[in-house]
Amino acid sequence: MPKLSTQENYIRSQKRTRRIITLARLALFLAFLGLWEFAADTGMIDSFIFSSPSRIAETFVSMWKKEALGLQIGVTLLETLASFFLVTGLSLASAVLLWLCPRLSQVLEPYLVVLNSLPKSALAPLLIVWLGANMRTIIVAGMSVAIFGSVISLYTGFQEISPDKLKLIYTLGGTRRHALLKVILPASIPYLLSNMKVNIGLCLVGVIIGEFIGARQGLGYLIIYGSQVFKLHMVMMSIVILCVIAMALYQTINLLEKYYLKKL
1 MPKLSTQENY
11 IRSQKRTRRI
21 ITLARLALFL
31 AFLGLWEFAA
41 DTGMIDSFIF
51 SSPSRIAETF
61 VSMWKKEALG
71 LQIGVTLLET
81 LASFFLVTGL
91 SLASAVLLWL
101 CPRLSQVLEP
111 YLVVLNSLPK
121 SALAPLLIVW
131 LGANMRTIIV
141 AGMSVAIFGS
151 VISLYTGFQE
161 ISPDKLKLIY
171 TLGGTRRHAL
181 LKVILPASIP
191 YLLSNMKVNI
201 GLCLVGVIIG
211 EFIGARQGLG
221 YLIIYGSQVF
231 KLHMVMMSIV
241 ILCVIAMALY
251 QTINLLEKYY
261 LKKL
């Protein structure tokens, strides 16, 4: 039998480690579900308050058939994606503007810090008053959670680009526009992708906050409605669906990042 090279051994070791981690995650998840179901069935926890995996599954099937649950999921997903893409585009454009105008960035920096530190849940009622109870308001609520931190993060990433590369551009007769297009933006793609992974979760949080206050559709509305009429199985089901959506969206961007890194 031929002896494996050091590189092949390393690759096999990495694959084995990934399989072990995946199996450990799956085992932990199944153990949690089993313990939760056992505790609810034996009365260790109140199944009316904490529900159980089987009751959540029954509620999901029932609502999917009778109460257009797919529409509620679709509304929340649409609002989240709209907020996410708007945040990504506007934050990138704002960071570019701040980099092109250093004096403007010095003027606006403290305001961005203050706006980013504001509790966004306090802004949601005002947004409802200003814009009305509609999908546009929910999207703006989702954007408000992520956009200021995203601008700060991207602009900071722009400033951390190697100054030697910029000096080379200017030495060869390039302008600030050339430096932006040839150095800053290409070198900032990893910052942008990392920022997107954070923003997708923040936008989902902002959308749910908005749905809590002024929506008649969406998973946030189901959570509020279920808690008001004591349909706690509906509340727990909505929370589980939100966890699945958050994980799926994050993994999508994570795959995009891995694809980009492979292309380098």
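Residues in the sequence shown are numbered from 1 upward in steps of one, following UniProt numbering. We put the CB at the ideal spot given by N, CA and C, even for glycine. Owing to the predicted nature of the structure, the values given are computational and were not obtained by experimental measurement.
**Asked** Looking at the structure shown, is V151 part of a helix, part of a strand, or coil, going by DSSP?
**Response** Three-state DSSP puts V151 in a helix.
**Prompt:** Quick one: Cα of L112 to Cα of S94, how far?
**Reply:** Computed Cα separation, rounded: 11 Å.
**Prompt:** Is it buried or exposed for Q106, if we count other Cβ within 10 angstroms and need 16 for buried?
**Reply:** By the 10 Å Cβ count, Q106 comes out exposed.
**Asked** If you compare alpha carbons, which of L127, L92, L222 is closest to N199?
**Response** Minimum Cα distance to N199 is reached at L92.
**Request:** Might you give, ordered along the chain, the residues of its own chain that have their beta carbon closer than 8 Å to the beta carbon of L77, omitting 5 neighbours on each side?
**Result:** Cβ neighbours of L77 beyond the five flanking positions: I245.
**Request:** Please go through the segment 238-262 and give each complete alpha helix (DSSP H) segment of 4 or more residues, from N-terminal end onward.
**Result:** Listed in chain order, nothing qualifies, since the segment 238-262 has no complete alpha helix (DSSP H) run of 4 or more residues.
**Prompt:** DSSP three-state call for R216: helix, strand or coil?
**Reply:** The three-state reading of DSSP puts R216 in coil, since its state is none of H, G, I, E or B.
**Supposed close pair I139, A82 - CB separation, criterion 8 Å** = Approximately 5 Å separates the beta-carbon atoms of I139 and A82; this is inside 8 Å, confirming the contact.
**Request:** Could you please give the first and the last residue of the uninterrupted alpha helix (DSSP H) stretch that includes E58?
**Result:** Following the DSSP letters along the chain, one finds E58 inside the alpha helix (DSSP H) bounded by residues 53-66.
**Request:** Taking only the alpha-carbon atoms, compute the straight-line gap between K263 and E8 and give it to the nearest angstrom.
**Result:** Their Cα atoms are separated by approximately 22 Å.
**Prompt:** What is the DSSP secondary structure of M1, counted as helix, strand or coil?
**Reply:** The pLDDT assigned to M1 is 45, lower than 50, so where the model puts this residue is not dependable; a value taken from the coordinates is nonetheless given after this. M1: coil per DSSP, three-state reduction.
**Inter-stretch contact at 8 Å, needing at least 3 Cβ pairs: the segment 122-142 / the segment 175-190** = Under the Cβ criterion (8 Å, minimum of three pairs), the segment 122-142 does not count as touching the segment 175-190.
**Buried versus exposed call for S227 [16 or more other C-beta atoms within 10 Å across all chains shown]** = Around the beta-carbon of S227, fewer than 16 other beta-carbon atoms lie within 10 Å, marking it exposed.
**Request:** Could you name the residues of the same chain whose beta carbon sits closer than 6 Å to that of F148, not counting the 5 residues immediately before and after it, in chain order?
**Result:** Counting only Cβ-Cβ distances below 6 Å, and skipping sequence neighbours, we find L112, L115, N116.
**Request:** Go ahead and pull the three-state DSSP assignment for I45.
**Result:** I45 sits in coil when the DSSP states are folded into three classes, being neither helix nor strand.
**Message:** Between which residues of its own chain and V75 is the CB-CB distance below 7 Å, once the five residues before and five after are set aside?
**Reply:** In its chain, beyond the 5 residues on either side, Q217, G218 have a beta carbon closer than 7 Å to the beta carbon of V75.
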